[in-house]
Each structure stands twice: as structure tokens, then as C-alpha cells.
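J.:
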Amino acid sequence: MRTKVAIIGSGPAGLLLGRLLENAGIETVILERRSQEYVLGRIRAGVLEQGTVELLDRAGVGDKLHAEGLVHDGVEFCFDGNRHRFNFRELIGRTVTVYGQTEVTRDLMQARDSSGLTTIYEAENVSLHAFDGDAPKLRYVKDGVEHQLACDFIAGCDGYHGVSRASVPQDALRTFERVYPFGWLGILVDRPPVADELIYAHHERGFALCSMRSPSRSRYYIQVPSSDRVEEWSDQRFFDELRRRVNEETADKLLTGPSIEKSIAPLRSFVAEPLRFGRLFLAGDAAHIVPPTGAKGLNLAASDVAALAEALIEVYTERSSAGIDSYSARVLSRIWKAERFSWWMTSILHTFPDTDAFGRRIQRAEFEYLRSSTAASRSLAENYTGLPL
Ligand code: APR
Ligand code: PHB
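Right under this line is the structure:
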């Protein structure tokens, strides 16, 4: 088999890249290790930057997003029981849209299926070959039979644990990493959310987040030590702890119910450099990880593939390699700004095991500054709703 761009991974990055290339008439094949049902079963964050919404619109996959997504004009911070709303629309005229990442994936998969494009699910042992030359290839096993896929370019959109980054010679890659000493325990409940917008809460006992998926489905998180296991957290214990970390009015309003999903996610910041190796490009979680505090994971993946699609389209339509030559530097500049913002949100809102009294006062001062300064509030708004590519 042969294609123009072989994409590894059918998460949001791989699927959106496929869609953007399809719209420019460039053929792709996606190889995905898991089944379609498995990919759609993963529950992930759900805040789309305005630029991501615009990109999905341009890609022609925005209908359901506009019908079901919730446009939020701002977010709230609750710091030691004091709530403050940051009104992004008033501050900078921008908004975010709450729409589950799983839904974005589903919309992109449906669009791809109805265009009749090839995705090979349950492709095992995907391996990358000759991407340092002009004729890269992928090999994989499907139903016990080995296949080869020849292509012009390979897009490594296979997430943090994927094979693409791992196939790059070690000395060609530099990585930067910070692992946080806690995780987020998240639950999904079929109860209306406690507030109209998201509440990011800082408390001495730890961070908490009140989020949502729809007017009738809530998503809540609390910071827990990395060593905790889900089994140690009954629904009752979870909600008791969540109530302690938000202000009294929020705690009183919280509607609890049986969890329909409960899991612990570790927090990590990670960036690989560079993101191009000959004819192989890395994008999305394969290239970088952010802690979920700034809700940047999917948004960064989307801006990576927007830039990559543009660069590849330039190769095919203008015979110019300028875009692919500058891809890595261009996206890394935005990636690092999102890394900085996610790290900063994480630092001010969480309780670190080694935070002393001085550190807590600094966190409080950050919050006081943010809420009293229009410049600081606008900076938060600009970063949260998404910086330009
Ligand atoms: N071969 C083929 N596919 C693979 C391989 C492999 N060796 N390894 C991983 N994959 C697939 C995974 O099964 C997954 O479906 O690659 C896909 C990567 O998708 P994501 O992990 O969703 O990553 P990405 O598309 O970059 O999306 C970024 O989604 O992961 C979240 O939090 C993340 O918000 C971020 C966004
Ligand atoms: C979520 O709804 O899952 C969510 C929202 C905002 C975040 C992280 C996760 O910052």
C-alpha cells in the first residue's frame, strides 16, 4: 500500500491532521494500535480554545460542537474560600467552549468514515523505516499478517507512549521534563454542574476543579498524592473532600450522585525537541505533555497539526519546503508558552508537599494580584483562551 502522508495514531491530533489534509486533496492513511471503540472510550479534558473551535469549523467538523458545546465567557478561581470570576469576554473579547475531547474525536472519526478514508485499527507492531531518506515506510501487523505502507511523509501523532518519538535516534532528540508529586482524581456524574462556569480551587488540603460535560453531567477533580489508588476513594469520600476545598456556598450547592467514571491521572510537563527528523514529524502528545490545569492538551495538539497541515500542503501545492523546514521552531515557540502557562497554573493552584508558609503566602499574593490587576487578569484570559500560533 502507498499513501502521501502516513499518520500514526487516531487521537485528536492524527484525525484532525487527516481531515485538514483531506480538505486540501492530500491522501492519508491512519494506523491506530487500538480499536475504534477503545479510542472512543477514553475520557479526557473538555475545554476548547476559541482558535481550536475556529479550526474545527474550518475543517468542516464544527456542527455538533456548536449544537452541544457550552460557550463560557470566563472561569472562576476559588482561593482559600474566596471566589473570583475572570470574565474573558469583557477582558479581551474572547471565550472558550466546553465540549468533551471524546466528542471531538468522535466527530472527526465520523467525518473520516463518511469520506471513505482508510484508518487501520488494531494495527500491531507499527515500525518506522527510512524516514531520513526520500522514501519512508511503515510496517505493521494486522490480523497476524505483516503489511508495508510506503509514503512521502510520516506524522507521529501517537501520543506520549507511541512508537514515533521512540524511533528517533537518542542523540537527535532532547527532552525536557517535570513530574509533579501528585495526580488528579477525576469523577464523572450524571448531575447538573455546581456552577455555570468552571471553578479552579486552591486550598491548603489541595487543588480541586469543578467542571462539566453538559448541563446535566459534571466532571470534578481533586488533587491526590501520586501514591493514591482509585479503590481508596469511595464516591462519598471524594465528595466530602471536594466540599472541603471549595467555598461554603459551592459546597452546599454541590449535587452528588454515583460516579460513572473515576480515575487518577498523573501530572507531567514534557517537551521533545526538535519535532522534525527528515520526513518524520511529531505532533500532539507525542511531542509534548502538559499538566491538565490549563486545559491545553487537545488545544496544543490542534495547533501543532494546523501548522503541520499548512506545511505539508505547501510541499504538495507550491513545491516549497519552507513550511516543513520551519515547522519545529514555529510550533515549539507556541508549545513552550502553553507549557509555561500550564506549569504556572499548576504551581499557583496546587499544594506541594514542600510548600512552606512562605510559599503559601506567595500563592496567595499571586491570586490577590490576579484579581486586583486588569493587566494580570488579561494575561490569564489571553493564555487560557489561547495564544495565536
Ligand atoms: N501504533 C499506532 N498507534 C498508536 C501507537 C502505536 N505504536 N501508540 C499509540 N498509538 C495511538 C493511541 O492508541 C492513541 O489512539 O495513538 C493515539 C494517540 O492519541 P492521543 O493519546 O489522544 O494523543 P493526541 O492525538 O496527540 O491528542 C492530544 O489528547 O491524549 C490527549 O491529553 C491529550 O489532550 C491531549 C490530546
Ligand atoms: C475537564 O472538564 O475535564 C477539564 C476542564 C478543565 C481543565 C482540565 C480538565 O483544566
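If you read the sequence shown in full-length UniProt numbering, its first letter stands for residue 1, the second for the next number, and so on.
By construction, the Cβ of each residue, glycine as well, lies at the ideal position given by its N, Cα and C atoms.
1) On the three-state DSSP scale, how would you describe HIS288?
2) Nearest-angstrom Cα distance between ARG279 and LEU312?
3) For a quick check, are the C-beta atoms of VAL53 and HIS72 less than 8 Å apart?
4) So residue 412 is in the beta strand (DSSP E); what residue range does that whole segment cover?
5) Could you name each continuous beta strand (DSSP E) segment of 3 residues or more that falls completely within the segment 340-368, going from the start of the chain to the end?
6) Can you name the residues that DSSP bridges to VAL47?
7) With which residues is THR118 paired in a DSSP beta bridge?
8) With DSSP as the reference, label LEU267 as helix, strand or coil.
9) In three-state terms, what does DSSP make of GLU197?
10) Compare the Cα-Cα distances from VAL194 to each of ARG229, GLY11, ARG44, ASN247 and report the closest residue.
11) For ILE187, is the classification buried or exposed, using 16 other Cβ atoms within 10 angstroms of its Cβ as the cut-off for buried?
12) Would you call the segment 106-124 in contact with the segment 27-35, where contact means no fewer than 3 C-beta pairs closer than 8 Å?
13) Out of CYS78, SER379, LYS337, ASP107, which one is the CA nearest neighbour of HIS66?
14) Confirm the yes/no value for this check: CB of ARG156, any heavy atom of the ligand APR, distance under 7 Å.
15) For HIS161, does the three-state DSSP call read helix, strand or coil?
16) So HIS202 packs on LEU349, CB below 8 Å; how close in whole Å?
17) Verify the contact flag: GLY46, CB atom, against every heavy atom of the ligand PHB, threshold strictly below 7 Å.
18) Which residue from GLY323, THR317, ASN299, GLY294 puts its Cα closest to that of VAL104?
19) How many Å lie between GLY133 and LEU282 at the Cα?
20) Could you please give the first and the last residue of the uninterrupted alpha helix (DSSP H) stretch that includes PHE153?
21) Excluding sequence positions up to five away, which residues of its chain have a Cβ less than 8 Å from the Cβ of LEU70?
22) State the DSSP-derived secondary structure class of LYS253, mapped to helix, strand or coil.
23) Beta carbon of VAL331, beta carbon of ALA307: below 8 Å?
24) Per DSSP, which one or two residues make a beta bridge with PHE77?
25) Taking LYS137 as the reference, which of GLY294, SER373, VAL5 has the closest Cα?
26) Mind checking if ILE348 is an interface residue toward chain D, Cβ cutoff 8 Å exclusive?
27) Count the other C-beta atoms from every protein chain shown that fall within 10 angstroms of the C-beta of ARG19, then say buried if there are 16 or more, exposed otherwise.
28) At which residues does the beta strand (DSSP E) containing ALA283 begin and terminate?
29) Please report the distance separating the alpha-carbon of HIS161 from that of GLU90.
30) Give me, in chain order, the residues of the same chain whose beta-carbon lies closer than 6 Å to that of LEU209; leave out the 5 immediate sequence neighbours on both sides.
31) From ARG319 to ALA24, what does the alpha carbon distance come to, in whole angstroms?
32) Just to confirm before moving on: does the CB-CB distance between ARG112 and LEU255 stay below 8 Å?
33) Cβ of TYR384 within 8 Å of Cβ of GLY294?
34) Starting from ASN23, follow the alpha helix (DSSP H) in both directions and report where the run begins and ends.
T.: Reading from the atomic positions:
1) strand
2) 11 Å
3) no
4) Coverage of the chain is limited to positions 1 through 389, which leaves residue 412 absent and any answer about it impossible.
5) none
6) Per DSSP, the beta-bridge partners of VAL47 are VAL98.
7) VAL29
8) strand
9) It is coil, neither helix nor strand.
10) ASN247
11) buried
12) yes
13) ASP107
14) The sequence shown places Gly at residue 156, rather than the Arg named in the question. False, no ligand heavy atom lies under 7 Å from that Cβ.
15) coil
16) 5 Å
17) yes
18) ASN299
19) Taking the straight line joining both Cα atoms gives about 17 Å.
20) Run containing PHE153: none in the alpha helix (DSSP H); it sits in the beta strand (DSSP E), 153-156.
21) Apart from sequence neighbours up to five positions away, the residues of its chain that approach LEU70 with a beta-carbon distance below 8 Å are THR97, VAL98, TYR99, MET212, SER214, PRO215, ordered along the chain.
22) helix
23) yes
24) HIS84, TYR200
25) Here the closest residue by C-alpha is VAL5.
26) The structure shown contains no chain D; it is built from a single protein chain.
27) buried
28) From DSSP, ALA283 is part of no beta strand (DSSP E); its letter is neither H nor E.
29) 40 Å
30) TYR200, TYR221, listed in sequence order.
31) 14 Å
32) no
33) Yes; because the gap between Cβ atoms is below 8 Å, this pair is in contact.
34) 12-23
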